[in-house]
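Note sheet for the following structure.
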Amino acid sequence: MKNAAFKSLILLAALLFTVVSGVQFYRHRHYQLPVVAGEGVSRVLPLSTYEPSLEGTMADTNVFFLESGRPGGTTLIIANTHANEPAAILTGLILIENARVERGRLIVIPEFNNSGGRNTKPGDGYPLFFPIPTDWGEKKFRMGNRNASPLDQWPDPDVYIHYPDRQLLSYLDVRNTNRTWPGRADGPLMERVTWATMELIRREKVNMAIDIHGAETMFPVTNCIVAPVECRMAPGNPNKLASRASLYVKALEKFENHVEPSPPDFRGLSHREIGDYSEAQPFLLEAPIPFLDQPTGPKTVELLLTGKDRFLLDLSRKGKLFVPYDESGWPMARRVGQHCSVVLQLLKQFSKEYPDRAVRVSSVPKYAEVVARGVGAFYRDPQAVNPERVYRNN
Amino acid sequence: MITLVMLLYYGITAFTAVLLGWIFFKEKEDRETMVLCLIVLVPLVLRLLRLK
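Residue numbers (the numbering used here), protein chains in the order written: chain A, 134 to 527; chain D, 29 to 80.
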């Protein structure tokens with residue numbers, strides 16, 4: 134009898150736990166982030182336009198076109214390849230809401246791994262959402278995960294065999310949209326996402342692709358631009374342009390952003406495969422994100438937004454970090470500001486090198502302005518604009 | 029093919045969940061087994077309900 138009472142009690146506790154966590158997971162997965170299309174946005178298409186098998190899946194995502202109507206080049210900006218590196222989506226939304234394209238075209242995919250944005254990492258205690266303060270209140274963002282949700286692509290293989298190079302990668306990388314490039318039309322869902330984007334790059338004649346990320350302060354490839362020295366198909370030397378952009382931001386805007394070469398034998402990465410399988414020069418931007426470092430305190434919203442952590446501070450004093458780090462941490466505005474400035478500088482350098490493929494953009498804030506005013510200053514209230522200009526991914 | 033493998037995995041998950049439920053309800057003495065069954069069941073139920 135005693136055991137029967139115990140059994141009922143733990144069954145009730147398990148049910149309660151399942152319902153409470155289930156409701157939170159459901160709300161997280163189905164939250165629709167409102168994206169306000171600024172005056173510069175001329176049209177919005179789903180990614181499934183380029184690979185119809187994505188239609189109706191959680192992998193489909195909105196693609197924003199900002200077109201000047203004047204001849205020039207086409208640049209693609211990819212954000213949230215890894216949805217746990219949120220400076221990327223915050224930068225993508227600043228571009229969509231504010232950028233005016235005066236020459237050529239800008240294409241922005243703000244929630245590239247849409248399924249990854251709907252995944253979370255409860256084992257690491259990830260927050261489900263985070264707020265960005267604005268003049269009109271708080272804009273709520275979903276904190277996603279590095280890989281697509283297993284609800285959308287499951288099961289994982291024992292080892293992921295990259296297509297088409299057959300390099301052996303971690304099993305998890307089958308859901309990582311920065312390992313599945315260039316993808317294939319009949320592959321697993323994430324390979325179809327990168328395939329669709331390769332199709333977009335080819336059909337829209339994209340000349341430059343910029344993939345925005347974040348990386349741990351203890352990881353050497355952080356606070357940098359990654360670009361290949363040579364590509365199989367894309368012309369020129371993207372690494373040279375990245376070096377110029379790096380020098381200009383250091384001289385003019387006073388922040389460090391070094392250049393890393395894209396390793397030719399590490400397959401599946403955007404900064405490798407895009408240039409090898411299309412005419413577009415690829416670049417990948419990394420800004421430090423202390424939240425992702427392993428030896429930190431709890432993974433709180435505050436850590437995500439401020440980047441302040443006393444354990445990292447100790448490690449910094451012992452010379453274990455790859456970026457300068459002090460009591461001020463690495464605030465989100467600094468990371469997003471860097472991304473904005475580096476994107477603008479890459480556009481400038483590319484346009485200088487290839488005047489016939491120039492993309493000229495205005496009204497995008499630079500590093501100092503984003504740091505001074507905060508990220509939220511560049512977002513509009515979705516309730517206060519024409520509802521037809523507000524887009525949400527399903 | 030991938031869809032077929034996925035469906036098989038859902039089948040295995042459902043089978044394991046039923047098995048664990050059965051063990052839980054049959055167990056009369058060992059409290060550790062009861063608790064263990066429920067802890068293992070939670071993620072399986074969440075997956076079957078397509079919540080996580």
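Note that beta-carbon positions come from the ideal geometry of N, C-alpha and C, so glycine has one too.
Beta-bridge pairing of K273/A - partner residues as DSSP gives them: Counting from 1 along the first sequence, the entry for residue 273/A is found at position 140. For K273/A, which the question treats as bridged, DSSP gives the partners P264/A.
Can you tell me where the beta strand (DSSP E) with P394/A in it begins and where it stops? Here the question's residue 394/A lines up with position 261 in the first sequence. Run containing P394/A: H391 to P394, per the beta strand (DSSP E) assignment.
Using a Cβ distance threshold of 8 Å, determine whether the segment 160-174 of chain A contacts the segment 285-299 of chain A, with at least three qualifying pairs required. Short answer: they don't touch.
Minimum length 4: unbroken alpha helix (DSSP H) runs contained in the segment 452-477 of chain A: Listed in chain order, there is nothing to give.
Length of the line joining the Cα atoms of A45/D and S282/A: Here residue 45/D refers to the residue found at position 17 when the second sequence is read from its first residue. Here residue 282/A refers to the residue found at position 149 when the first sequence is read from its first residue. Roughly 21 Å between the two C-alpha positions.
Do you know whose CA, among A378/A, G205/A and T429/A, lies nearest V476/A's CA? Position 343 of the first sequence, counted from the start, is the residue given in the question as residue 476/A. Comparing Cα positions, the closest option is A378/A.
Cβ of A221/A within 9 Å of Cβ of I345/A? Looking up residue 221/A in the first sequence gives position 88. Looking up residue 345/A in the first sequence gives position 212. Yes; because the gap between Cβ atoms is below 9 Å, this pair is in contact.
Same chain only: Cβ atoms within 8 Å of E235/A, ignoring 5 sequence neighbours per side: Position 102 of the first sequence, counted from the first residue, corresponds to residue 235/A. If we look at E235/A and ignore the five residues flanking it on each side, its Cβ neighbours are S201, R203, R493, V494 and S495.
Work out the CA separation of L74/D and L35/D for me, nearest whole Å. Walking along the second sequence from the start, residue 35/D turns up at place 7. Walking along the second sequence from the start, residue 74/D turns up at place 46. Answer to the nearest angstrom: the Cα atoms are 16 Å apart.
Would you identify the three-state DSSP class for F416/A, choosing helix, strand or coil? Numbered from its first residue, the first sequence carries residue 416/A at position 283. It is a strand residue.
Between which two residues does the beta strand (DSSP E) carrying L209/A extend? Against the first sequence, residue 209/A aligns to sequence position 76. For L209/A, the uninterrupted beta strand (DSSP E) segment begins and ends at T207 to I211.
Just to make sure I have the definition right: I need the residues of chain D whose C-beta is within less than 7 Å of the C-beta of I143/A. Which are they? As a working mapping, residue 143/A is identified with position 10 in the first sequence. Simply M62, V63 and L66.
For a contact meaning CB atoms closer than 7 Å, what does I30/D contact in chain A? On the second sequence, position 2 is the one that residue 30/D refers to. Result: P321.
Given a cut-off of 9 Å, decide if G430/A and F444/A are closer than it, judged by their beta-carbon atoms. Residue 444/A sits at position 311 when you count from the first residue of the first sequence. Residue 430/A sits at position 297 when you count from the first residue of the first sequence. Taking 9 Å as the cut-off, the Cβ atoms of F444/A and G430/A count as close.
Note down the Cα distance separating F197/A from L209/A, rounded to an integer number of angstroms. Reading the first sequence from its first residue, position 64 is the one you call residue 197/A. Reading the first sequence from its first residue, position 76 is the one you call residue 209/A. If I take the Cα positions, the gap works out to 10 Å.
Of all Cβ atoms in chain D, is any one closer than 9 Å to the Cβ of L284/A? If you number the first sequence from 1, residue 284/A lands on position 151. Yes, contact with chain D.
Should Q471/A be labelled buried (16 or more other beta-carbon atoms within 10 Å of its own) or exposed? Translated into positions along the first sequence, residue 471/A becomes position 338. Per the 10 Å Cβ criterion, buried.
Within the 9 Å Cβ cut-off, does Y159/A reach chain D? Position 26 of the first sequence, counting from 1, holds the residue named residue 159/A. Judged by the 9 Å Cβ criterion, Y159/A is in contact with chain D.
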